[in-house]
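The sequence shown: position 10 = -2 (this note's numbering), numbered continuously.
Virtual Cβ for every residue (Gly too), placed ideally from N, Cα, C.
None of these values were measured; they are calculated from a predicted model.
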Amino acid sequence: MKMIEYLAKMKKFVDGLAIAGALISDDDLISKMVWIMSICLLLLFFDDCWILIGKNFRQRFSALKVR
């Protein structure tokens, strides 16, 4: 996937979080669960993103080392 597609997914995810945050008050247990789940999803998302960036970086770095 391209970075633009990731950013589009990220925007949808953040919009969803804003709606969920508006629907649920902060002192609810459910709201804490939603935030914990959203943080886990963000970590998974960024982990996937960093894997792509890391592969690209490694390819470029190894190309520089060969020269």
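- Secondary structure of K0 (DSSP, three-state): helix.
- One Cα belongs to M(-9), the other to K(-1), and the distance between them is close to 12 Å.
- Between L5 and S26, the beta carbon gap of about 5 Å places them in contact (Cβ cut-off 8 Å).
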